[in-house]
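Worksheet for the structure shown next.
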Amino acid sequence: MGMLATLRSVVQFREVELDPVVRRLARAANTDDLRAIAKRRLPGGVFDYIDGGAEDEVTLSENTAALRRLEFRPRVLRDVDVVDPSTTLLGRPLPFPLVLAPTGFTRIADPEGELAVARAAERSGIPYSLSTLGTRSIEEVAAINGSRKWFQVYVWKDRGLVKEMIDRAAASGYEAIVVTVDLAVLGRRERDVRRGFTLPPKIGLDTLLDGVRHPSWTWDFVRAEPITFANVTGLTPADGTTAVSLSSHVNDQFDQSLSWADIEWFRSIWNGPIIIKGIQCVEDARIAVDHGVEAIALSNHGGRQLDSAPTPIELVAPVVDAVGDALEVICDGGVRRGSDIVKAVALGAKAAMAGRAYLYGLGAGGERGVDHVLAMLDAGVRRTMALVGARNVSELDRSLLKR
Ligand SMILES: Cc1cc2nc3c(=O)[nH]c(=O)nc-3n(C[C@H](O)[C@H](O)[C@H](O)COP(=O)(O)O)c2cc1C
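The working numbering applies: residue 103 is where the sequence shown begins, and numbers increase by one.
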């Protein structure tokens with residue numbers, strides 16, 4: 103036998119994949135791989151806006167580190183032939199315990215932006231949260247996603263504008279509002295400070311050079327219609343460009359006097375469930391119960407606001423013990439793997455929420471990148487449940503984690 107024939111008998115040649123996106127995504131085995139690809143593809147300022155956190159980024163890194171530190175106590179020989187990760191959230195079914203977190207300015211990672219993420223979320227059957235500072239409008243997202251979607255509210259001084267947005271969300275079939283309460287002022291994200299990065303991005307010499315080094319992003323960016331805060335009426339001039347930078351918008355428009363009394367106001371103008379996002383201690387979780395909200399998201403805004411804030415995963419058990427069944431608890435921050443979601447649920451959360459995970463997918467491969475990361479998270483939840491010996495979410499409890 104000739105050399106080639108011998109080789110052929112033991113090696114099978116892979117088919118050549120011609121689609122560059124498929125090829126790129128096939129090499130990404132996890133969220134961190136997608137992050138590395140996004141880092142290569144996106145201009146530095148854009149990547150750092152997504153990836154970075156406040157000040158020393160202690161909270162940013164602790165969010166993931168605290169999840170990774172948790173050790174399982176797996177049970178074996180429990181017949182995991184059929185594993186079912188489905189659950190319920192706000193009284194409705196969820197195929198696996200994940201919700202996509204709201205992220206502002208999503209079109210910076212990919213021209214389709216929020217539409218790409220909302221389509222992928224619908225395909226996975228999980229809720230998508232649209233940010234007040236989204237770059238696709240409430241109506242645009244509703245037009246392409248007929249399933250569960252939530253609208254995240256930042257509260258401006260002008261309550262008329264806030265009510266107008268909430269009315270639009272109601273008219274467009276959004277299921278719940280998410281009131282984010284950890285952004286009285288904008289956290290200091292020092293990567294953005296160092297790069298002079300602003301939203302919307304200002305074009306300087308460094309931006310141009312960066313653009314040349316990331317030609318495909320730059321080409322997409324210049325071809326697409328200009329990026330605006332699509333939901334912020336009254337701030338967008340007639341030419342469609344965004345008049346204000348994010349930091350001046352937050353400082354001028356956000357209502358620093360927001361308080362628990364305003365939750366009653368939300369109740370009076372919104373018929374559906376209310377989720378408070380940004381609860382960071384047991385006492386505030388109890389007050390949320392007193393105000394009758396349906397759910398809270400334990401969150402430090404992905405480490406982008408107060409540095410040295412507590413990590414959400416470490417709050418799950420004490421908060422769930424304090425609030426019982428009075429409201430549902432969502433754990434938001436640091437989720438990179440299916441096993442992170444399983445840990446949050448085992449501690450008592452109803453679901454986890456993820457932001458950067460899908461943004462890395464979006465930056466790495468557009469809509470298909472988001473599909474890829476959601477498929478990995480779903481499969482990761484199922485695999486982890488099988489390996490810890492839990493057939494369904496009711497079998498996921500604290501006994502499966504080392505104390
Ligand atoms: C680029 C980016 C933009 C964000 N924009 C918003 C926003 O507009 N509103 C909001 O409530 N949270 C926002 N967040 C916070 C996320 O909703 C979520 O709390 C956070 O991403 C969770 O941490 P993770 O990225 O580790 O999953 C943003 C996060 C990122 C990374």
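Even for Gly, the Cβ is constructed at its ideal location relative to N, Cα and C. Model, not experiment: these values are computed from the prediction.
The three-state reading of DSSP puts TYR256 in coil, since its state is none of H, G, I, E or B.
A direct Cα-Cα distance of roughly 7 Å separates ASP150 from ASP294.
Under a 10 Å Cβ-count criterion, ALA131 is classified as exposed, with fewer than 16 other Cβ atoms of the shown protein chains found around its own Cβ.
Pairing LEU464 with ALA223 gives a Cβ-Cβ distance that is not under 7 Å. The region 297 to 316 makes no contact with the region 177 to 193: fewer than 3 CB pairs, one atom from each, lie closer than 8 Å.
TYR462 places its beta carbon less than 7 Å from that of ARG137.
In this structure, GLY404 has its beta carbon less than 6 Å from a heavy atom of ligand 1. Within 6 Å of the C-beta of LEU235 there is at least one heavy atom belonging to ligand 1. PHE115 is classed as exposed because its beta carbon has fewer than 16 other beta carbons within 10 Å across all chains shown. Partner residues in the beta bridge of PHE356, as assigned by DSSP, are TRP258. Within the region 441 to 500, complete beta strand (DSSP E) segments of at least 3 residues are found at 453 to 456, given in chain order. Apart from sequence neighbours up to five positions away, the residues of its chain that approach GLY440 with a beta-carbon distance below 6 Å are LEU479, GLY482, VAL483 and THR486, ordered along the chain.
Note that the region 423 to 442 touches the region 386 to 405; at least 3 beta-carbon pairs, one per stretch, sit closer than 8 Å. Distances between the C-beta of ALA203 and the heavy atoms of ligand 1 include at least one below 6 Å. A distance below 7 Å separates the beta carbons of ILE377 and ALA278. Distance between VAL334 and LEU408, taken at the CA atoms: about 25 Å.
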